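Student: Please see the structure below; I have some questions.
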Amino acid sequence: APATTPANALVVPSAKTPLLLNFNENSLGMSPKAQAAVVSELPKVFRYPDDARADLVGKVAARAGLTDKHVVIGNGSSEVIQMAIHAFCGKGTQLVVPDPTFNYAELYAEPMGTKITKVRLKPDTLQIDLPAMKKATESFKGQSVVYLCNPNNPTATILPASEIEAWINSAPDNVFFIVDEAYHEYVTDPRYASAERLVKAGRKNLVVARTFSKIYALAGLRVGYGYAAPEIVSKLDTWASIDNTNLAGAVAASASLDDTPFIKQSLAATAQSRRIVTDALKELKLAYLPSHANFIFHRVNASSADYRAAMKVRHVMVGRPFDHTDGWNRLSLGTPDEMRAFVRELKALRAEGKA
Ligand code: PLP
């Protein structure tokens, strides 16, 4: 079983064992098969990781029905984002990002002299405003790079494939897309589809970034990947840190891909955690956005900072600040037992009038 605590164990947050619901990690832990792969590979880590890397590339490619030449490997998907920014951004270019969103593209692009254009989420639904982002590219003469996070972080909402595809398929040559699908494996909504099918269709104006840090629970081993046209992969690879794949991470990632029952179990546990949280939010009349990932964006009856501070006193780390969304909190979904503990603390806070 993936759980790191026995089923239905009473989780009691304390200073020594705080409840970490703040970084969208997968507290269910990694696949036992991945663990075994790491252990058996340890005596071989004096070698460079080429063979394990090649094996992983092959598996990742096959999953999408693409060739090895369509795959770029990163030290986490962060590095895939970094490569794309290095390859396409710089002075005289702009990066268009939703606001708020996961901000690594912005963090890499800014020091290169890239103009950063932030496009606010739609105020009513907190959905990414694609038409407004498109307008921002149309009114800019140079190269635009568009960062789309689907599902979006921090809101956990999705963009329908039809809308993303319509734009990417009709975009002019000076627009390149980074589609960040870090939470892809969690989505069950039929309106969603991975942008990998655009890569499959031969489009050269995008890279799809994915990670082993979320559903596969390998955040500390740092493995991510991207799908793009072979010429784009070559271009991105010139910006990769050479030998960026660590051997332990590569074998763990490969073994995880094979462990379908584990992934199913992990998804079921996340769904259960989500239900525990949404039941409590409904009971407490706190609104929330539909969650398509291992986290949920919900209202609190306080400023976000006060709420986080009050939960921290209870040894529950519930998130971090995001622009323009005061009164909301991004909560990572831990194990069902952890979320039961969260609900107890949330209700205690409500009793004190602080949530
Ligand atoms: N993209 C998104 C949307 C994320 O939320 C994260 C991590 O939280 C990452 C990318 C980075 O993940 P990693 O570098 O571990 O693959």
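FYI, the numbering for the sequence shown is 5 to 359, going by mature numbering (1 follows the signal peptide of the UniProt record, and there is no 0).
Each residue gets a CB set at the ideal place from its N, CA and C atoms; glycine is no exception.
Quantities reported herein were computed from a predicted structural model and do not represent experimental measurements.
(1) Is it true that the CB of Ser217 sits closer than 8 Å to the CB of Val179?
(2) Roughly how far, in whole angstroms, is the beta-carbon of Leu130 from the beta-carbon of Thr105, given that I think they are within contact range, below 8 Å?
(3) Sorry if obvious, but does the Cβ on Ala186 come closer than 7 Å to a heavy atom of the ligand PLP?
(4) For a test of your reading of the model: does the CB of Gly228 fall under 7 Å from any non-hydrogen atom of the ligand PLP? Yes or no.
(5) Do you know how far the Cα of Asp103 is from the Cα of Leu337?
(6) Just tell me which of Leu152, Cys153, Leu14, Thr249 has its CA closest to the CA of Val76.
(7) Return the chain-ordered list of same chain residues with a C-beta closer than 6 Å to the C-beta of Ala38, the five sequence neighbours on each side being excluded.
(8) Taking the alpha-carbon positions, what's the Met321 to Ala352 distance?
(9) With DSSP collapsed to three states, give me the class of Met116.
(10) Helix, strand or coil for Gln131? Go by DSSP, reduced to three states.
(11) Work out the CA separation of Tyr108 and Asn156 for me, nearest whole Å.
(12) Tell me the DSSP bridge mates of Trp332?
(13) Under 8 Å by Cβ, that's how I've got residue 2 and Ala175 pegged, so tell me the actual separation to the nearest angstrom.
(14) Once you ignore the five residues that flank Asn305 on each side, which residues in its own chain have a CB closer than 6 Å to its CB?
(15) Can you tell me whether DSSP reads Ile219 as helix, strand or coil?
(16) Identify every run of the alpha helix (DSSP H) within the segment 50-117, keeping only runs that are complete inside it and at least 4 residues long; order them along the chain.
(17) Less than 8 Å between the CB atoms is what I'm expecting for Arg354 and Leu288, so what's the real figure, rounded?
(18) Quick check on Ser148: does DSSP put it in helix, strand or coil?
(19) Suppose the cutoff is 6 Å on Cβ atoms and the five residues either side in sequence are ignored; what does the same chain contact list for Val64 look like?
(20) The alpha helix (DSSP H) with Phe180 in it runs from where to where?
(21) Going by DSSP in three states, Met321 sits in which element: helix, strand or coil?
(22) Going by other Cβ atoms of all chains shown within 10 Å of its Cβ, with 16 needed for buried, is Pro53 buried or exposed?
(23) Examine the ligand PLP and report whether any of its heavy atoms sits within less than 7 Å of the Cβ of Phe181.
(24) Is the segment 55-71 touching the segment 236-251 in the sense that three or more CB pairs, one from each, lie closer than 8 Å?
(25) Return the residue from the list Gly78, Ala213, Met34, Asn28 that minimises the CA-CA distance to Ala244.
(26) Could you give the C-beta distance for Ala91 and Leu240, rounded to a whole number, given that I count them as a contact under 8 Å?
(27) I'd like to check one pair, Pro325 with Ser308: are the Cβ atoms closer than 8 Å?
(28) Just curious, the alpha helix (DSSP H) that Ala165 is in, first and last residue?
(29) Considering just the uninterrupted stretch of the beta strand (DSSP E) at Ala232, what are its terminal residues?
Tutor: Taking the coordinates as given:
(1) no
(2) In fact, because the Cβ distance is near 11 Å, the residues do not count as touching under 8 Å.
(3) yes
(4) yes
(5) 22 Å
(6) Thr249
(7) Ala256, Ala259, Ser260
(8) 15 Å
(9) helix
(10) coil
(11) 13 Å
(12) Arg303
(13) Only positions 5 to 359 of the chain appear in this structure, which leaves residue 2 out of reach.
(14) Ala359
(15) coil
(16) 54-68, 81-92, 108-113
(17) 6 Å
(18) strand
(19) Val75, Tyr229
(20) Per DSSP, Phe180 belongs to no alpha helix (DSSP H); it is in the beta strand (DSSP E), 179-184.
(21) strand
(22) buried
(23) no
(24) yes
(25) Gly78
(26) 6 Å
(27) yes
(28) 165-174
(29) 228-232
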